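Chemist: The opening residue of the sequence shown carries number 236 in the numbering used here; numbering runs sequentially from there.
For glycine and all other residues, C-beta sits at the position ideal for the given N, C-alpha and C.
As the structure is a computational prediction, the values presented were derived from the model and not from experiment.
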Amino acid sequence: MAIDKNEFWGDNYYNNSSLTENMVLVAEKMFQVKLPPLFIELLKIQNEGYTKGFAFPMNTTATWADNHVPLSELFGIVTDKATESAHNILETQYVIEEWGLPEKQVLINGV
Numbered sequence: 236m237a238i239d240k241n242e243f244w245g246d247n248y249y250n251n252s253s254l255t256e257n258m259v260l261v262a263e264k265m266f267q268v269k270l271p272p273l274f275i276e277l278l279k280i281q282n283e284g285y286t287k288g289f290a291f292p293m294n295t296t297a298t299w300a301d302n303h304v305p306l307s308e309l310f311g312i313v314t315d316k317a318t319e320s321a322h323n324i325l326e327t328q329y330v331i332e333e334w335g336l337p338e339k340q341v342l343i344n345g346v
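Here you go:
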């Protein structure tokens, strides 16, 4: 599926600082994963925020839609402890514990 990266982003509510390679390395080390290239490309344009109503098409019906999964926001990577942002994948463990979610995942939206 092709995404027009220049038409993906909407509001940049938290105005996180620009993504750096070091931020990516910190996140990948923390989660022990290689983050998807498209995710990194989108965060290089805007390091968090609300989308322009992006939805991922699906063939499976869900409670929220017959043919898609909505993605109204996408979290960024914020390594500066002094910066408060609810759109930060590095807060995944906190959310997992608070909501009783399964371990070993990276939350990219939904807080």
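#1: Look up F289 in the DSSP assignment and give the residues it is bridged to.
#2: Using 8 angstroms as the Cβ pair cut-off and three pairs as the minimum, do the segment 241-259 and the segment 280-296 touch?
#3: Mapping DSSP to helix, strand and coil, what is V346?
#4: Measure the alpha-carbon distance for T295 versus P305 and round it to whole angstroms.
#5: Based on Cα-Cα distance, which residue from K240, A262, F243 and G245 lies nearest to L325?
#6: Per DSSP, what kind of secondary structure is L272 in: helix, strand or coil?
#7: Tell me whether E283 sits in a helix, a strand or coil according to DSSP, three-state version.
Modeler: To lay it out plainly:
#1: Position 54 of the sequence shown holds residue 289. For F289, which the question treats as bridged, DSSP gives no partner whatsoever.
#2: yes
#3: Within the sequence shown, the letter at position 111 stands for residue 346. Because V346 carries a pLDDT of 46, less than 50, the predicted location of this residue cannot be relied on, and the following value inherits that uncertainty. For V346, the three-state secondary structure derived from DSSP is coil.
#4: Taking the first residue of the sequence shown as position 1, residue 295 is located at position 60. Taking the first residue of the sequence shown as position 1, residue 305 is located at position 70. Distance between the alpha carbons of T295 and P305 is about 13 angstroms.
#5: The residue you call residue 325 lines up with position 90 of the sequence shown. When only C-alpha atoms are compared, the closest one is A262.
#6: Position 37 of the sequence shown, counted from the first residue, corresponds to residue 272. Rather than Leu, the amino acid found at residue 272 in this sequence is Pro. In the structure shown, P272 sits in a helix (DSSP, three-state: H, G or I).
#7: Sequence index remark: in the sequence shown, residue 283 carries index 48 (1-based). Three-state DSSP puts E283 in coil, outside helix and strand.
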